[in-house]
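A.B. asks: Chains as they are written, first to last, in the numbering used here: chain A, 121 to 920; chain B, 121 to 920.
This structure is in structure tokens; I'll ask about it shortly.
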């Protein structure tokens with residue numbers, strides 16, 4: 121009751137200097153309240169009042185780590201306040217209900233917005249991609265497919281030809297075939313690609329530098345409790361959406377999946393501002409962002425369950441079950457929004473819809489595992505090469521000309537990609553074509569098989585449903601396709617290394633999957649031809665008789681794609697589930713698991729980090745990897761500050777320091793907080809006070825509170841002692857004192873300490889020895905120590 | 121190097137009294153080592169050696185809570201040891217590789233075994249269920265379906281009729297129809313049901329009392345770190361498998377899904393004994409059990425992904441990502457094992473395969489939400505009624521006659537169930553029939569629709585594919601079915617309340633789903649007829665024209681089943697995913713989510729606990745619910761022992777107590793551990809010692825170590841002080857001292873304390889005030905406090 125009346129009387133007392141709620145801090149009040157037995161519980165309420173000042177107590181600086189424990193406490197206080205008021209009036213009851221449902225409303229908004237944006241990006245990218253080839257006479261805003269949609273001249277076989285669609289050569293020199301047409305089309309392709317990529321990099325540089333890259337490393341860091349202001353802001357959202365379309369359309373070897381996660385997280389962050397509950401609480405906001413990253417993958421692949429598992433496995437740091445359920449809801453809303461926009465024109469939720477009809481044979485596990493090994497090797501090598509290239513970019517003059525870099529890479533990509541059909545098409549088209557079974561793609565070169573030569577039914581007798589289903593020899597089209605695919609493989613492998621990390625939005629999913637799909641399809645065709653020509657071999661005997669259809673090259677492509685993606689990102693469950701949602705058949709989960717598992721093992725043996733962790737380390741973000749166990753046998757005393765040779769720990773005593781002394785301590789040191797002890801001799805821990813809070817409180821007190829001068833005593837105790845006559849009144853700052861700092865003993869093994877930091881989300885932890893305060897360990901100390909230990913000889917694990 | 125040589129020299133020194141490794145504990149050795157600077161790190165090694173004694177240091181008593189931190193440290197030590205040795209020889213390298221893969225091997229074994237057991241249970245239960253009706257003349261071990269499988273006289277329409285299969289009436293009185301046949305069949309049905317249920321309860325009582333119930337509450341408790349010896353043992357496995365078959369076949373209103381989780385966990389626990397890594401470590405073993413519970417659901421529903429999410433959401437306590445991936449693997453292996461056994465004879469993985477062809481309309485969300493409300497109400501009421509009944513069983517004489525109880529309930533079930541077709545069939549058959557669309561079930565009463573009366577095409581013109589697809593008026597069969605279903609609903613609702621909790625294996629999934637499916641089907645038929653007779657109403661206008669098929673009663677049944685299961689168990693994501701895996705269509709996820717979400721909200725509003733949590737509380741297991749937030753504003757000081765009026769905290773001083781004094785302390789108190797302090801005056805914390813370790817060590821020392829008498833000093837310091845001439849040698853027990861106990865301050869809010877206990881899996885935590893040891897909080901204190909706070913008036917949240 122006390123604290124309530126308190127709030128009501130002070131609620132409207134704002135004065136010109138911003139010293140609202142001043143009385144809340146007057147020590148006499150605090151002392152008075154503590155007599156009423158409320159002081160223990162009252163400290164947090166006063167912290168709330170302090171925030172009312174707008175003074176910034178309880179907020180964070182840019183590039184700082186949040187304190188999960190404090191944020192969660194704040195949220196529980198808010199929640200308690202609401203449920204207490206609920207009984208008092210109907211309005212408050214309605215408010216409390218709306219508060220309870222605001223999380224769901226937020227999810228709905230994020231789902232709708234992200235789904236709509238993803239649909240828009242798909243449509244725009246498709247249109248711009250086609251613009252590189254030609255233009256629609258019915259309206260330049262139609263893409264190739266829409267242009268020919270209603271044309272009467274279009275047959276099913278040649279559904280991409282219609283008189284309304286003109287290639288650039290047709291429009292300018294008036295011919296569709298021949299050398300001059302080729303040259304004109306080539307030139308236009310390169311010019312458009314250059315234009316798009318230049319626009320993309322220009323917009324990023326000029327308006328939102330944070331819009332480049334995939335964004336997943338930064339989002340992982342943010343979710344682990346780091347603050348990067350503006351990274352998820354509205355400018356980033358706008359620019360990333362536009363430049364993502366341009367970057368994809370430019371034909372660079374990049375995908376839109378990673379950036380879509382960033383876009384969804386921007387939506388989440390922006391919508392958070394609508395609800396006080398999420399706007400003011402960094403921990404609650406991170407729950408929303410976790411759900412938003414699930415939404416991103418959900419719309420990227422049309423895989424809601426896979427998206428939620430991706431968020432759980434790959435991105436999120438703190439993922440309570442409540443968030444799981446909400447993420448799932450948001451992911452579904454987004455997927456259905458995307459489907460009602462129907463950007464692919466096929467009413468399908470999924471990017472690559474695949475349907476296979478042939479079961480796989482146990483012996484095929486061998487090539488599947490081979491694909492896994494290829495994926496793991498490629499993943500590990502890609503990460504090394506890409507990180508080396510990014511380091512070089514940072515270290516040399518290359519990094520100073522990002523626009524030029526993009527232009528050069530884009531020029532090279534366009535010039536090299538155009539002559540080859542499989543590189544000229546976009547990454548997702550390529551994957552889609554490689555995944556598909558031949559019965560659906562008769563017009564493709566990949567399906568140019570010869571007639572059935574020996575055994576089986578003659579080709580003419582095959583009914584419609586089984587055309588292409590029986591094993592047949594490869595025709596000339598397939599041979600051409602194989603050569604082109606091999607060239608495309610080499611090209612994609614090389615160009616992706618230099619593309620990822622440029623100053624344009626760039627995702628890795630599609631390029632990695634493309635590499636794997638090409639490799640897989642090649643292996644699949646090889647296996648198929650082997651089975652056709654050597655069906656009498658022991659290994660094919662019994663399950664691959666002549667005339668039967670026993671090898672599905674599309675399945676190999678899918679497994680290759682999964683293996684390569686797994687090697688690069690080290691995803692496991694979520695990757696398998698995403699692929700399962702693409703195919704919809706439980707039958708292919710076992711091959712998928714075999715390929716993904718092999719790929720992960722091989723890649724892990726060559727280098728422990730996935731691409732996102734590698735980029736986090738490259739950029740030096742303070743990220744405490746939740747997956748990796750700390751294996752070294754050091755103790756807290758080996759990590760804590762101060763070291764043996766350092767000056768002693770800077771502490772604040774609970775009642776012995778003046779304002780001046782504290783200001784001196786603040787200006788002499790750069791620590792972000794100070795332990796408060798009973799006395800310098802006993803070193804018995806009372807609490808912990810944050811530098812930022814201390815600075816703001818002292819400033820405020822000097823400005824607003826009468827009688828606070830340099831020699832005023834600063835008190836952190838419950839009861840304010842009576843000062844000698846004539847002395848200035850003391851300043852009681854118990855309100856900003858964290859009375860529950862976590863302390864561990866100096867003998868605590870670091871493995872346990874790291875665990876505590878991870879699970880509780882600490883910023884710092886105090887170290888005691890036999891009950892005396894000895895030092896402090898911060899998250900940065902731990903990261904530094906982990907890096908040191910990783911660099912040492914692993915033999916020394918037991919002997920340091 | 122020191123500790124290594126140490127191990128090698130003492131490795132073979134076992135003597136007759138079991139005092140192996142005695143030297144390891146001689147204080148002189150310890151002192152010598154500490155001079156070498158190894159003592160800090162050496163303590164854990166010595167702990168390992170202590171275990172070599174077989175003395176039980178580091179193990180747990182029955183019905184005790186494990187210390188997650190210590191278990192995980194032990195595993196990391198083991199791991200370090202292996203990776204250190206790896207460099208020394210080829211054998212060690214192979215050992216280390218086999219150690220790394222042992223987890224996967226274990227998962228494979230669990231998957232194979234659980235899949236095989238589940239298949240066996242399915243087949244046996246199917247056979248015994250049919251035995252209640254009749255017997256196969258070709259061999260009594262054939263069930264009805266197999267018996268008629270190859271019979272030439274069987275037509276597709278009447279595929280369940282063949283001369284080889286004789287009902288009991290046919291065999292005994294020689295007639296198939298008429299009153300006498302009905303009476304004989306009725307009698308035989310009741311007799312078999314009684315026999316099966318009596319056998320089940322007899323076996324459970326006689327051989328494995330732990331085999332009763334669903335097992336999920338106990339598994340949740342075990343996974344949270346509790347020890348119940350024998351609960352997952354081989355006897356429980358054997359008896360549970362057999363009695364589960366009998367219980368299911370007896371026709372009692374119970375399912376096999378929950379018990380299958382228990383069976384899979386038993387498999388997991390038994391296979392753990394094959395691998396030292398898992399046998400000796402309670403934390404590692406719980407990772408395996410988490411995976412095993414995923415396997416259980418995977419084989420129960422043929423839903424591997426749903427099973428993994430079930431384990432994550434519902435059962436597991438500590439679920440690292442590594443376990444997620446392994447669970448997934450095990451769940452898949454189990455699902456494929458089950459499929460290759462093919463117990464349902466349809467090559468399907470899933471128990472209820474459903475395929476719907478009609479999309480749902482947005483307006484249908486209204487009845488779907490109604491089903492959700494029904495499910496929530498039923499769930500909450502069921503939990504209350506069941507818990508009240510179980511309490512009455514415990515409190516009254518009823519609990520003393522479990523066999524009689526089972527016999528009576530079984531008799532009542534059989535007598536009431538036989539006359540009604542829908543209760544006579546087994547629960548899963550019922551659900552399967554209710555889920556299915558009419559086009560697949562033409563012979564069923566549920567599909568006895570009349571001819572198309574008005575509008576649309578005449579019935580005769582309908583082609584094969586669309587028979588039953590257009591809305592038609594209900595025929596007499598449907599009316600009969602509706603009445604029977606209504607009776608079945610009431611019967612199932614009542615009988616399930618008294619069945620769950622009896623001393624036979626009993627799962628809740630199938631009965632809950634059956635209730636929901638019946639209710640859903642009834643609503644679905646109602647909606648369908650409404651749409652048929654009133655298709656001109658505004659609400660049907662536009663999407664439900666005459667002659668079209670717009671309402672799928674099977675979908676309603678499925679949603680009802682999901683809603684009721686959700687209401688009872690409060691599952692969310694995993695339930696939706698399990699249902700999604702049954703239907704395989706993303707289209708039905710939105711209705712599913714709507715129904716499940718409504719059900720959860722309604723049920724949560726009426727009572728916060730799910731059935732498993734309610735049973736955990738009923739049985740008084742020490743389970744710290746990870747999902748529920750602690751909302752009260754108390755501080756650690758309000759919870760810790762000793763209370764203000766209690767005698768002071770019992771502590772051990774690090775060098776001031778004798779063996780006798782310690783033995784006195786141990787016999788005077790019943791605490792499971794004691795804090796060790798520097799001196800009784802300063803109360804500065806040094807470490808924590810467990811009662812069990814202390815008892816065992818003192819006993820061992822008295823037995824094996826020369827010169828240890830009652831007045832010997834017990835020392836916990838690093839350096840053993842030199843005793844006065846003539847005094848007995850001191851006993852140094854630093855090896856059993858936990859040097860890194862976690863301490864919090866007395867001002868720490870309980871919400872944070874509860875969080876720390878949950879996330880770190882603590883057993884106890886020490887409380888300090890200004891650096892002095894003040895008290896201790898154990899997991900039981902926290903549970904007691906939470907129960908107290910929950911019972912208080914919620915208005916008092918802020919004012920206590």
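Glycine included, every Cβ here is placed at the ideal spot set by N, Cα and C.
1. My assumption, with CB atoms under 8 angstroms, is that residue 413 of chain B sits in contact with residue 385 of chain B. Please give the rounded CB distance.
2. What are the residues that DSSP puts in a beta bridge with residue 594 of chain B?
3. Which class does residue 889 of chain B belong to by DSSP, given the choice of helix, strand or coil?
4. With residue 428 of chain B as the anchor, note down where its alpha helix (DSSP H) starts and where it stops.
5. If you scan the region 791 to 826 of chain B from start to end, which runs of the alpha helix (DSSP H) of 4 or more residues do you find wholly inside it?
6. At a Cβ threshold of 7 angstroms, is residue 863 of chain A touching chain B?
7. Is the region 633 to 640 of chain B touching the region 684 to 695 of chain B in the sense that three or more CB pairs, one from each, lie closer than 8 angstroms?
8. Between residue 154 of chain A and residue 903 of chain B, what straight-line distance do the alpha-carbon atoms span, to the nearest angstrom?
9. Which residue marks the beginning of the alpha helix (DSSP H) containing residue 397 of chain A, and which one marks its end?
10. Counting only runs that start and end within the region 314 to 387 of chain B, where is the alpha helix (DSSP H) found for 4 or more residues in a row?
11. Of all Cβ atoms in chain A, is any one closer than 7 angstroms to the Cβ of residue 360 of chain B?
12. So if I threshold CB-CB distances at 9 angstroms, which residues from the region 789 to 804 of chain A count as touching chain B?
13. Residues of chain B with CB closer than 7 angstroms to the CB of residue 869 of chain A, please, in chain order.
14. So, does the CB of residue 748 of chain B fall closer than 7 angstroms to a CB anywhere in chain A?
15. Alpha carbon to alpha carbon, how far is residue 554 of chain A from residue 613 of chain A? Give it in angstroms, no decimals.
16. What do you get for residue 514 of chain B, buried or exposed, if any count of 16 or more other CB atoms within 10 angstroms of its CB means buried?
17. Can you check whether the C-beta of residue 421 of chain B is within less than 7 angstroms of a C-beta belonging to chain A?
18. Quick one: what's got a C-beta closer than 7 angstroms to residue 907 of chain B's C-beta in the same chain, skipping five residues either side?
19. Report all residues from its chain with a CB closer than 7 angstroms to the CB of residue 699 of chain B; omit the five preceding and five following residues, and keep chain order.
20. Are the C-beta of residue 445 of chain A and some C-beta of chain B separated by less than 7 angstroms?
21. Along chain B, which residues have their Cβ under 9 angstroms away from the Cβ of residue 890 of chain A?
22. Are there 16 or more other CB atoms within 10 angstroms of the CB of residue 506 of chain B, so buried, or fewer, so exposed?
23. Applying a beta-carbon distance threshold of less than 7 angstroms, which residues of chain B neighbour residue 872 of chain A?
24. Compute the Euclidean distance between the alpha carbons of residue 207 of chain A and residue 875 of chain B, then round it to the nearest angstrom.
25. Is residue 288 of chain B near residue 264 of chain B, with beta carbons less than 7 angstroms apart?
26. Determine, for residue 434 of chain B, whether the minimum Cβ-Cβ distance to residues of chain A falls below 7 angstroms.
27. Please list the residues of the region 803 to 837 of chain A that have a C-beta atom closer than 7 angstroms to any C-beta atom in chain B, keeping them in chain order.
28. Is there a C-beta anywhere in chain A that falls below 7 angstroms from the one on residue 507 of chain B?
29. Note down, in chain order, each residue of its chain lying with its Cβ closer than 8 angstroms to the Cβ of residue 103 of chain B, except the 5 sequence neighbours on either side.
30. What do you reckon, are the CB atoms on residue 348 of chain B and residue 342 of chain B nearer than 7 angstroms?
31. Mind listing the chain A neighbours of residue 751 of chain B? Cutoff is C-beta to C-beta under 9 angstroms, in chain order.
32. What residues from chain B crowd round residue 879 of chain A, counting only those whose CB sits closer than 8 angstroms?
33. With a threshold of 7 angstroms between beta-carbons, can residue 617 of chain B be considered close to chain A, or not?
C.D. replies: By the coordinates alone:
1. The residue you call residue 413 of chain B lines up with position 293 of the second chain. The residue you call residue 385 of chain B lines up with position 265 of the second chain. Rounded to whole angstroms, the Cβ separation of residue 413 of chain B and residue 385 of chain B is 6 angstroms, and the two are in contact under 8 angstroms.
2. Residue mapping note: residue 594 of chain B aligns to position 474 of the second chain, counting from 1. Answer is B/569, bridged to residue 594 of chain B.
3. To locate residue 889 of chain B, count along the second chain from 1; it is residue 769. Strand at residue 889 of chain B.
4. Sequence index remark: in the second chain, residue 428 of chain B carries index 308 (1-based). Here the alpha helix (DSSP H) through residue 428 of chain B covers 424 to 430.
5. 811 to 824, all fully within the region 791 to 826 of chain B.
6. Counting from 1 along the first chain, the entry for residue 863 of chain A is found at position 743. Contacts with chain B at 7 angstroms (Cβ-Cβ) include residue 863 of chain A.
7. Short answer: they touch.
8. Working through the first chain from its first residue, we reach residue 154 of chain A at position 34. Working through the second chain from its first residue, we reach residue 903 of chain B at position 783. At residue 154 of chain A, the pLDDT of 37 sits below 50, so the modelled position is not reliable and the matter cannot be decided from this model.
9. As a first step, residue 397 of chain A is located in the first chain; it is residue number 277 there, counting from the start. Per DSSP, residue 397 of chain A belongs to the alpha helix (DSSP H) from 396 to 399.
10. DSSP assignment within the region 314 to 387 of chain B yields the following whole alpha helix (DSSP H) runs of 4 residues or more, N-terminal first: 336 to 343, 354 to 369.
11. Within the second chain, the letter at position 240 stands for residue 360 of chain B. Among the residues facing chain A, residue 360 of chain B is not included, as its CB has no counterpart in that chain under 7 angstroms away.
12. So the close ones are 797, 798, 802, 803, 804.
13. As a working note, residue 869 of chain A is residue 749 in the first chain. At a beta-carbon threshold of 7 angstroms, the residues of chain B lying near residue 869 of chain A are 193, 860, ordered along the chain.
14. In the second chain, residue 748 of chain B corresponds to position 628, counting from 1. No - not a single Cβ of chain A is within 7 angstroms of the one on residue 748 of chain B.
15. Stepping through the first chain from its first residue, residue 613 of chain A is reached at position 493. Stepping through the first chain from its first residue, residue 554 of chain A is reached at position 434. Going from the Cα of residue 613 of chain A to the Cα of residue 554 of chain A covers about 17 angstroms.
16. In the second chain, residue 514 of chain B corresponds to position 394, counting from 1. Counting the other Cβ atoms within 10 Å of the Cβ of residue 514 of chain B gives fewer than 16, which makes it exposed.
17. Position 301 of the second chain, counting from 1, holds the residue named residue 421 of chain B. With 7 angstroms as the cut-off, residue 421 of chain B does not count as an interface residue toward chain A.
18. Residue numbering aside, residue 907 of chain B sits at position 787 when the second chain is read from its first letter. Here the set comprises nothing.
19. On the second chain, position 579 is the one that residue 699 of chain B refers to. Excluding the 5 residues flanking it on each side, residue 699 of chain B has same chain C-beta neighbours closer than 7 angstroms at 678, 682, 712, in chain order.
20. One-based indexing of the first chain puts residue 445 of chain A at position 325. Judged by the 7 angstroms Cβ criterion, residue 445 of chain A is in contact with chain B.
21. Start at 1 with the first residue of the first chain, and residue 890 of chain A comes out as number 770. The contacting residues are 774, 797, 798, 802, 804, 805, 806.
22. Working through the second chain from its first residue, we reach residue 506 of chain B at position 386. Around the C-beta of residue 506 of chain B, 16 or more other C-beta atoms lie within 10 Å, and the residue is accordingly described as buried.
23. By 1-based counting over the first chain, the position of residue 872 of chain A is 752. Within 7 angstroms Cβ-Cβ: 189, 193, 860.
24. As a position in the first chain, residue 207 of chain A is number 87, starting the count at 1. As a position in the second chain, residue 875 of chain B is number 755, starting the count at 1. Taking the straight line joining both Cα atoms gives about 28 angstroms.
25. The sequence position of residue 288 of chain B within the second chain is 168, counting from 1. The sequence position of residue 264 of chain B within the second chain is 144, counting from 1. Not in contact: residue 288 of chain B and residue 264 of chain B (Cβ atoms no closer than 7 angstroms).
26. Walking along the second chain from the start, residue 434 of chain B turns up at place 314. Answer no: the Cβ-Cβ gap between residue 434 of chain B and chain A never drops below 7 angstroms.
27. Listed by position along the chain: 804, 805, 806.
28. Indexing the second chain from 1 puts residue 507 of chain B at position 387. By this cut-off, residue 507 of chain B is not an interface position.
29. A query on residue 103 of chain B cannot be resolved here, the shown segment of chain B reaching from 121 to 920 and no further.
30. Residue mapping note: residue 348 of chain B aligns to position 228 of the second chain, counting from 1. Residue mapping note: residue 342 of chain B aligns to position 222 of the second chain, counting from 1. Against a cut-off of 7 angstroms, the Cβ pair of residue 342 of chain B and residue 348 of chain B comes out as a contact.
31. Start at 1 with the first residue of the second chain, and residue 751 of chain B comes out as number 631. Going along chain A in sequence order, the residues near residue 751 of chain B (Cβ under 9 angstroms) are 196, 199, 200, 203.
32. Here residue 879 of chain A refers to the residue found at position 759 when the first chain is read from its first residue. Residues of chain B passing the Cβ test: 879, 880.
33. Against the second chain, residue 617 of chain B aligns to sequence position 497. Output row for residue 617 of chain B: interface = no.
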